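Student: Residue numbers (the working numbering), protein chains in the order written: chain A, 12 to 511; chain C, 871 to 1081.
We put the CB at the ideal spot given by N, CA and C, even for glycine.
All of these numbers come straight from a predicted model, not from anything done at the bench.
Handing you this structure, nothing more for now.
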């Protein structure tokens, strides 16, 4: 019986053939004589048999095809985080939660103040606009918002109002559909008399917004916005903008008009492009104002900004700023541009529409810029391949061929999200042999930081050394959360379009 | 295709890539991923019993592997080391899932990813039986505790030895043995009436017919 216990303890190894030879013989000899142990062995073996037979039915499956890609993207992100000196994601010392413990309360108080103080009547919204001088009889109505939004640029506005009072009848649609016209008339509606209270502020808003030429033409209005009001004023401005766009869906003020990003952006695209007002902008002004029609391929397309303005805003983009839990979808397009000059125009292809319109715009941009630049757009592989046009003009090719020492290639990246992202950043991680043009390292680089507006693409120009085409660049869209940590909202792999 | 001991035979192709990946070479690590992804994926799939969790677990496995690669000393095969990580990650996912089960079963969709070359040699009835068996196994595996499942997968499915199982699970050898026998008993119980589906299945070569 003692040996039975010894035997039972080894039955499994015996049945699996893993018992040392000396013990195996003993056990085998015992099993010959002991019926109980033999039965136990039989039981065990049938169990093992069943288990193997059952598990053998589970056929191994090949790993999902995107596993490698996902791992790669995650690792690129990780190595980038490890090697980058900047350390956006964790920010151990600067974003110490304890240090900022009070900021939540302050933020809440500020928000509560803004909400409470925000007047509901649309008339009283007008005085909050900094560059406007509110009519005297409205001063009292907007008293609560005045308490929130500190001093406005009143003195600047007063002389303008006197000057422009007779021209009040200038129709705002001119501004919306005609970019060149906007340049000329931007000053006119910026300071309306009391009678034009609803239309004129809208134009002023858009003038200080994304459109480069307009904000250039009207620098006082553009500058007055950030300087005249502090953070609270900004918040109330945003609220005002929402209210206004709700009332005037035609104008759909782009979120690019949002307050300046909280970070100091190393490359601020709209500022870069603003410095070079494109000469081509004059030509499209002759276009009829039915700009919302889809452009025929041969026709001269309207300037994208004009089209953008004329588009009715998608109703989903307007309403309450309640953060929807649905994750935003991203439209990312990387296109090669022949020279930096073309970026200014292509950067104007900001639009508020969905993917289809973005695709249209991308196609429209190269044609509008037909003479000098020759962008060839290549969609990100996860996105639609609708705009897979690749076109290169002769001058561009000659320029590239002439330079033997591998000149940098210029690209522009357009990123838009279906939902607004506050405190976002766009980061590129390059393969080892590729370098960003101004610097010599292939370090990951944050191309842009700021608030990404809903459906308003940011267009980021950059240049790369050592690209031949086909290289994979990882793109990360990250967002800094409330706890100071960033989370990756989107990763995509961009494939560099081949050079011709 | 069967994974297991054959995976780490002497001509060991991983070594140069491991060295390169240790220095941060993503390309080299990508090759390692390509070589081991099927095994890791299936391990995760069988342990978690859920395709979505398995995908997450497999990704997490490789990310962790890359992170811990400097600590990999090479005294075990890379696949064993990877299997160890995968087992741990998948077990974590499995325990989380056990506490918070999905509202709807993913068993229906799992039939799609079961990879089987349709063969003309198998009659329709046979393939139906095969599908039935597979479903029964999955159902049974989902019922038994996760630490039993891991042992079964490692030993009976992947064909590791006791020692390898013990190394992967960081358990004493005796524990692995006893757990295996209890796991087999649990599996049989979970199979219940479905057990007879497998009676006719081809026996294991070194299993003697029951007395």
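(1) Restricting to Cα atoms, I'd like to know which of A:473, A:505, A:39 and A:464 is closest to residue 490 of chain A.
(2) Ordered along the chain, which non-local residues of its own chain (more than five positions away) have a Cβ less than 6 Å from that of residue 425 of chain A?
(3) Whole angstroms are fine: how far does the CA of residue 996 of chain C sit from the CA of residue 89 of chain A?
(4) Who are the Cβ neighbours of residue 55 of chain A in its own chain at under 7 Å, not counting the five residues just before and after it?
(5) Are any of the Cβ atoms in chain A nearer than 9 Å to that of residue 936 of chain C?
(6) Output, in chain order, the set of chain C residues within a Cβ distance shorter than 7 Å of residue 81 of chain A.
(7) Check the Cβ of residue 900 of chain C against every Cβ in chain A and list those closer than 9 Å, keeping chain order.
(8) I'd like to know whether the C-beta of residue 29 of chain A is nearer than 9 Å to at least one C-beta of chain C.
(9) At the level of alpha carbons, what is the spacing between residue 923 of chain C and residue 1006 of chain C?
(10) How would you list, in chain order, the residues of chain C whose beta-carbon sits under 9 Å from the beta-carbon of residue 90 of chain A?
(11) Let me make sure I understand the geometry here. Which of A:480, A:508, A:17 and A:506 has the alpha-carbon closest to that of residue 35 of chain A?
(12) Using three-state DSSP, classify residue 444 of chain A as helix, strand or coil.
(13) Which residues in the same chain as residue 1030 of chain C place their Cβ atom closer than 6 Å to its Cβ, once the five residues preceding and following it in sequence are excluded?
(14) Roughly how far, in whole angstroms, is the beta-carbon of residue 74 of chain A from the beta-carbon of residue 928 of chain C, given that I think they are within contact range, below 8 Å?
(15) I need the DSSP call for residue 888 of chain C, collapsed to helix, strand or coil.
(16) Express the C-alpha separation of residue 959 of chain C and residue 42 of chain A in angstroms, rounding to a whole number.
(17) Would you kindly work out how many angstroms separate the C-alpha atoms of residue 1010 of chain C and residue 956 of chain C, rounded to a whole number?
(18) Return helix, strand or coil for residue 466 of chain A, following the three-state DSSP convention.
(19) Among C:1058, C:907, C:998 and C:886, whose alpha-carbon lies nearest the alpha-carbon of residue 952 of chain C?
(20) For residue 340 of chain A, which residues in the same chain have their Cβ closer than 6 Å to its Cβ, ignoring the five residues on either side in sequence?
(21) Would you verify that the beta carbon of residue 71 of chain A is, or is not, closer than 9 Å to some beta carbon of chain C?
(22) What is the DSSP secondary structure of residue 940 of chain C, counted as helix, strand or coil?
(23) Mapping the DSSP letters down to three states, classify residue 118 of chain A as helix, strand or coil.
(24) Three or more C-beta pairs under 8 Å: does that hold for the region 56–68 of chain A against the region 893–906 of chain C?
(25) Find the residues of chain A that neighbour residue 916 of chain C, judging by a C-beta separation of less than 7 Å, and give them in chain order.
(26) Just the Cα atoms here: how many angstroms apart are residue 891 of chain C and residue 938 of chain C?
(27) Give me, in chain order, the residues of the same chain whose beta-carbon lies closer than 6 Å to that of residue 913 of chain C; leave out the 5 immediate sequence neighbours on both sides.
(28) How is residue 1045 of chain C classed by DSSP in three states: helix, strand or coil?
(29) Does any CB atom of chain C fall closer than 9 Å to the CB of residue 62 of chain A?
(30) Suppose the cutoff is 7 Å on Cβ atoms and the five residues either side in sequence are ignored; what does the same chain contact list for residue 1061 of chain C look like?
(31) If I'm right that residue 1018 of chain C touches residue 1056 of chain C with Cβ under 8 Å, what's the distance once you round it to whole angstroms?
(32) Answer yes or no: does any C-beta atom of chain C fall closer than 9 Å to that of residue 498 of chain A?
(33) Whose Cβ in chain C lies nearer than 7 Å to the Cβ of residue 58 of chain A?
(34) Tell me residue 489 of chain A's beta-bridge partners as DSSP assigns them.
(35) Using the C-alpha atoms, what's the distance from residue 945 of chain C back to residue 1052 of chain C?
(36) Give me the residue from C:998, C:893 and C:894 with the minimum Cα distance to residue 1067 of chain C.
Tutor: According to the data block:
(1) A:464
(2) 344, 468 and 470
(3) 48 Å
(4) 22, 23 and 26
(5) yes
(6) 929
(7) 79, 82, 83 and 86
(8) yes
(9) 20 Å
(10) 894, 896 and 936
(11) A:17
(12) coil
(13) 1024
(14) 7 Å
(15) helix
(16) 42 Å
(17) 22 Å
(18) coil
(19) C:907
(20) 429
(21) yes
(22) helix
(23) helix
(24) no
(25) 69
(26) 11 Å
(27) 956
(28) helix
(29) yes
(30) 1006 and 1010
(31) 5 Å
(32) no
(33) 1054, 1055 and 1058
(34) A:436 and A:499
(35) 31 Å
(36) C:998
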